[in-house]
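Asker: Numbering (this note's numbering), first residue to last: 131 to 184.
Provided herewith is a single structure, encoded as structure tokens, for subsequent inquiry.
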Amino acid sequence: MRLLQKNLWMIAMSLAMASAGHAAPLVEPTLHIRPQASGAGRVALTLDACGGQT
């Protein structure tokens, strides 16, 4: 039984490592704001991807 558990664990880990090798790369969003000639104030924008939970 212990040998079966060890083999199943090794298979699961090898599958996890194989799938992690083909994972899509992370893309970091960017926001481009052009400067205004009028010199008016700016608005700060915060994107919260985790709903405030950290």
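The beta carbon of each residue, even a glycine, is placed where N, CA and C say it ideally should be.
Model, not experiment: these values are computed from the prediction.
Is residue 163 helix, strand or coil by DSSP?
Answerer: Position 33 of the sequence shown, counted from the start, is the residue given in the question as residue 163. Residue 163 falls in the coil class under three-state DSSP.
Asker: Please state if the CB of residue 175 and the CB of residue 159 are separated by a distance shorter than 8 Å.
Answerer: For the purposes of this step, residue 159 is taken as the residue at position 29 of the sequence shown. For the purposes of this step, residue 175 is taken as the residue at position 45 of the sequence shown. No.
Asker: DSSP on residue 135, reduced to helix/strand/coil?
Answerer: Residue 135 sits at position 5 when you count from the first residue of the sequence shown. Here residue 135 sits in helix by DSSP.
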